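Peer 1:
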Amino acid sequence: MATKSLKATGNELAQNNRQLEILNGGIFADGELPYFKDKIDQIGQFPLRPKKLEILQINVGYMCNQVCEHCHVDAGPDRKEIMTRETMQQCLEVIKNTGAHTLDLTGGAPEMNPDFRWFVEEAAKAGIKDFIVRSNLTIIRANKKYHDLPDFFKKHNVHVISSMPHWTRGKTDKQRGDGVFDKSIKALQELNERGYGMPDSDLRLDLVYNPSGAYLPGDQAAMEKDFKKALKEDFGIQFHNLFAITNLPIARFLDYLIASENYEDYMYALVEAYNPVAVTNVMCRNTISVSWDGWLYDCDFNQMLDLKVASKIKHIKDYNEDILNDRNIIISQHCYGCTAGAGSSCQGTVA
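Note that UniProt numbering numbers the sequence shown so that position 28 is 28, with each residue one more than the last.
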């Protein structure tokens, strides 16, 4: 397992331009595979345009207590990019006035931002209907100051979406590091004790599955059934839904694909699994992504490639929903990941 981010080790893929060179070159430049824009042009969807804004996804920092091998954020303990309270205040002004009904806080480990709790409390007052925190679970057990997070989440009726690569120790620790599985199980049990994940509970607990290798996720409904059966029988754990998310070929997963000589095969698999129906509901169409320093992106993945929105409104301090909605969505070949098979978004399959 890696212990440092690509950025900390000086890896060339820490440079966004280098990632884009790879995604735009090679088998795509040679014409072996079609560019994503040409593929969606065949169904009259190019340029891709946003629909009504529903989700404001805010990345409050890239710092994380884990260094997962598939992480598209390239997060880790060495990443110091953290959203300031000033930028959070700008986000709060937008939250009060936006048409979005869902606030989605992500990271890194969002809980590691020193102003995380203040932000949650202030955003809760703004009347968001669905308040999501994307937790890696182990942060709850990482340090005593985080042990009360399940109670904090319950107090503010936070919808917890948690990473869980597999219901077995071996596959989970391979992707996320030694000891992650046991800490995740303990954290899930603590959330269950607060009422999270219970069949009739309003305290939503959903899990996220990412494949651990160079392959696409299986059927989401079938995997959810397997996850529920195994976690209930082995650990007494319950949860609401499982979201199966395709690994996109950027950052550390791109590094893995290249190092394992799987990049071309994986891109072929994504293109061959392209589903035109999924294009209608990809997350960039109803979501705006905000980076730790306040810049605006069509999605979390574009944020990691520094592909800012194609609008004169590019920063949260200048936010104008009407102007932002009149834009073309920035795309590249990584977008095949969101349209493969049943499609993929932060809320799981889309088709």
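All residues carry an ideal CB built from backbone N, CA and C; glycine is no exception. As the structure is a prediction and not an experimental result, all values here were calculated from the model.
Measuring CB to CB, does G99 end up less than 7 Å from L53?
Peer 2: Their beta carbons are under 7 Å apart, which means G99 touches L53 by this criterion.
Peer 1: Taking DSSP's pairing of strands, which residues face G348 in a bridge?
Peer 2: DSSP lists S345 as partners of G348.
Peer 1: So F153 and V160 are supposed to be a Cβ contact under 8 Å. How far apart are they, rounded?
Peer 2: Contact holds; Cβ gap of about 6 Å.
Peer 1: With DSSP collapsed to three states, give me the class of S163.
Peer 2: DSSP places S163 in strand when its eight states are reduced to three.
Peer 1: Name the residue from D226, D293, Q66 and A124 whose alpha carbon lies nearest to the alpha carbon of R85.
Peer 2: When each option's Cα is compared against that of R85, the closest is D293.
Peer 1: How far does the beta strand (DSSP E) with Q57 in it extend, from its first residue to its last?
Peer 2: Note, Q57: beta strand (DSSP E), I55 to N59.
Peer 1: What is the rounded straight-line gap between the Cα of F243 and the Cα of L205?
Peer 2: About 11 Å.
Peer 1: Is the stretch 331-347 touching the stretch 33-40 in the sense that three or more CB pairs, one from each, lie closer than 8 Å?
Peer 2: Yes, the stretch 33-40 is in contact with the stretch 331-347.
Peer 1: Does the CB of H315 have a neighbour CB from chain C at under 7 Å?
Peer 2: Protein chains in the displayed structure number just one, and chain C is not present.
Peer 1: Cα-Cα, which of G218, S184, R79 and T172 is closest to S5?
Peer 2: That would be R79, whose Cα lies nearest to the Cα of S5.
Peer 1: Beta carbon of A340, beta carbon of T280: below 7 Å?
Peer 2: No, these two residues do not count as a Cβ contact at 7 Å.
Peer 1: Beta carbon of H70, beta carbon of L248: below 7 Å?
Peer 2: No. Outside cutoff.
Peer 1: Taking just the CA atoms, how far does Q15 sit from R252?
Peer 2: Taking the straight line joining both Cα atoms gives about 12 Å.
Peer 1: Compute the Euclidean distance between the alpha carbons of N157 and I258, then round it to the nearest angstrom.
Peer 2: Distance between the alpha carbons of N157 and I258 is about 41 Å.
Peer 1: What is the rounded straight-line gap between the Cα of G179 and the Cα of L231?
Peer 2: About 17 Å.
Peer 1: With a 10 Å radius around its C-beta and 16 neighbouring C-beta atoms as the bar for buried, classify V290 as buried or exposed.
Peer 2: Result: buried.
Peer 1: Determine the direct distance from the alpha carbon of F301 to that of S345, and round the result to whole angstroms.
Peer 2: Rounded to the nearest angstrom, the two C-alpha atoms are 11 Å apart.
Peer 1: Would you mind reading off the limits of the alpha helix (DSSP H) that contains residue 354?
Peer 2: Outside the shown range of the chain (1 to 351) lies residue 354, about which nothing can therefore be said.
Peer 1: Let me check one thing: in DSSP terms, what residues is M63 bridge-paired to?
Peer 2: Answer is G76.
Peer 1: Can you tell me whether N59 is buried or exposed? The criterion is at least 16 other CB atoms within 10 Å of its CB, across all chains shown.
Peer 2: With 16 or more Cβ atoms within 10 Å of its Cβ, N59 is classed as buried.
Peer 1: How many Å lie between R134 and A126 at the Cα?
Peer 2: Their Cα atoms are separated by approximately 19 Å.
Peer 1: Could you give the residue range of the beta strand (DSSP E) that holds R134?
Peer 2: Start and end: D130 to S135.
Peer 1: Leaving aside the five residues before and after V350 along the sequence, list all residues of the same chain whose C-beta is less than 6 Å from its C-beta, in chain order.
Peer 2: Excluding sequence neighbours, V350 sits near A278, N281 and G343.
Peer 1: Would N17 be called buried (16 or more neighbouring beta carbons within 10 Å of its own) or exposed?
Peer 2: Answer is exposed; the Cβ neighbour count stays below 16.
Peer 1: In chain order, what residues of the same chain have a beta carbon less than 6 Å from the beta carbon of K51, not counting five sequence neighbours either side?
Peer 2: If we look at K51 and ignore the five residues flanking it on each side, its Cβ neighbours are R285 and N286.
Peer 1: Helix or strand or just coil, what does DSSP make of K51?
Peer 2: If DSSP states are grouped into helix, strand and coil, K51 belongs with coil.
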